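J.: Dumping the structure here so I can ask a few things about it.
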Amino acid sequence: MQAPKIPTTEYQRLATLRSLNILDTDHEERFDRITRMAKRLFDVPIALVSLVDENRQWFKSCVGLDASETPRDISFCGHAILGDDIFYIPNTLEDERFADNPLVTGPPDIRFYAGSPLTAPNGEKLGTLCIIDTQPKQMSDEDLLSLKDLACMVESELAAILLATKDELTGIANRRGFLNLAIHGLELCNRQGLAATLGYFDLDNFKAINDKYGHAEGDRLLQMFANQMSESFRDADIYARLGGDEFVVLIVNSDLVKSKQIINRFTERLSSITTASMQDYTLEFSCGLVVSESMDYWNIEGLIEKADKAMYEDKKNRKSVS
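First residue of the sequence shown: 1, per the working numbering; consecutive thereafter.
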């Protein structure tokens with residue numbers, strides 16, 4: 001048996017999946033409708049919406065199978081998310097990767113599998129819409145296209161969930177999205193004994209800029225700030241717009257000294273961008289940094305509150321200097 005490989009962007013893929021806050025939730029008609037259509041259309045006993053988690057594949061929708069999940073290392077869907085096209089096995093007994101797989105040699109006795117990867121808007125593969133039969137089966141080009149069309153319907157439903165965690169103006173995570181992701185990021189740091197630092201940003205004199213130059217210019221500045229966060233912070237870091245002119249970042253595997261260096265580089269990049277735009281004002285911000293402690297791993301809201309207080313101290317100090 002051949003276990004599926006781990007995608008090169010696994011951390012970001014899992015972060016995207018968990019930002020949906022969909023794992024271990026109840027079945028929903030919008031997904032069950034699609035698996036029922038797939039079962040009827042392809043005349044198979046089993047159809048699934050399968051989401052590939054860190055160590056398992058979990059079924060958001062399942063027709064014809066009693067299980068709610070199976071281990072990832074024996075999953076077919078773990079192989080399917082490694083590519084862009086439909087992963088198609090006409091006869092598992094004739095495929096050396098799967099002939100001795102426990103899902104083939106025992107229940108549900110898989111002999112045929114076809115899974116279309118489910119791609120998030122950021123390009124990460126979250127799972128599959130798959131069909132399974134206990135008999136070998138061939139699919140025509142039209143069949144493959146139909147399965148992909150159904151998978152696009154599932155992707156649309158997942159995208160609708162994902163949009164609820166994104167800030168509409170800037171395109172980065174909103175408060176809800178950040179909380180979902182940051183909890184998992186802190187848990188990961190805790191398990192691996194890594195430091196994590198939370199930074200809370202508030203743009204200085206933003207209201208004055210809005211009043212003088214208009215809300216369109218204010219929106220442009222918020223987008224500029226968010227874009228620089230995306231370009232400056234690492235893939236493993238989690239950042240968001242909390243609302244108004246307030247932003248936050250969780251810098252993983254980083255103590256206070258290292259995090260200050262990262263924020264300084266971000267400040268320099270932001271300054272160079274605003275200087276190049278040749279406006280008669282500067283975009284500056286106050287920032288509060290706090291390092292997570294053991295109690296914070298289960299209280300991300302408390303960590304945000306600490307960083308918020310540290311930000312206001314920084315704002316007061318900056319005003320006293322100016």
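Beta carbons are placed, not taken as given, at the ideal position from N, Cα and C, and that holds for glycine. Model, not experiment: these values are computed from the prediction.
Is it right to say residue 2 is buried, meaning 16 or more other beta carbons lie within 10 angstroms of its own, or is it exposed?
T.: Answer is exposed; the Cβ neighbour count stays below 16.
J.: Flag this pair as yes or no: are the beta carbons of residue 126 and residue 154 separated by less than 7 Å?
T.: Contact flag unset, no.
J.: What is the C-beta distance between residue 19 and residue 162, in whole angstroms, given that I count them as a contact (C-beta under 8 Å)?
T.: Right, their Cβ atoms sit about 7 Å apart.
J.: CA-CA distance, residue 69 and residue 62?
T.: Taking the straight line from one Cα to the other gives about 10 Å.
J.: Start and end of the beta strand (DSSP E) containing residue 71?
T.: From DSSP, the beta strand (DSSP E) with residue 71 extends over 69–71.
J.: With distances taken between CB atoms, is the gap from residue 92 to residue 110 smaller than 7 Å?
T.: Closer than 7 Å, so yes.
J.: Who are the near neighbours of residue 41 in its chain, counting only those whose CB is closer than 7 Å to its CB and skipping five residues on each side?
T.: If we look at residue 41 and ignore the five residues flanking it on each side, its Cβ neighbours are 146.
J.: Rounding to the nearest angstrom, what Cα-Cα distance links residue 182 and residue 188 in this structure?
T.: C-alpha separation (whole angstroms): 10 Å.
J.: Should residue 287 go down as buried or exposed, given a rule of 16 or more other Cβ atoms within 10 Å for buried?
T.: With 16 or more other Cβ atoms within 10 Å, it is buried.
J.: Give the straight-line distance between the Cα atoms of residue 13 and residue 137, rounded to the nearest whole angstrom.
T.: Straight-line Cα distance between these residues: approximately 31 Å.
J.: Quick test of your reading: residue 172 and residue 229, contact by CB under 8 Å. State the CB separation rounded to the nearest angstrom.
T.: Rounded, the Cβ-Cβ distance is 7 Å, consistent with contact.
J.: Look up residue 131 in the DSSP assignment and give the residues it is bridged to.
T.: DSSP output for residue 131 lists 47 and 114 as bridge partner(s).
J.: On the three-state DSSP scale, how would you describe residue 78?
T.: Three-state DSSP puts residue 78 in a helix.
J.: Looking at the structure shown, is residue 236 part of a helix, part of a strand, or coil, going by DSSP?
T.: In this structure, residue 236 counts as coil in the three-state DSSP scheme.
J.: Compare the Cα-Cα distances from residue 201 to each of 236, 308, 8 and 149 and report the closest residue.
T.: Closest option to residue 201, Cα to Cα, is 308.
J.: Measure the beta-carbon distance from residue 204 to residue 266 and round it to whole angstroms, keeping in mind my assumption that it falls under 8 Å.
T.: Actually they do not touch by this definition, with Cβ atoms about 15 Å apart.
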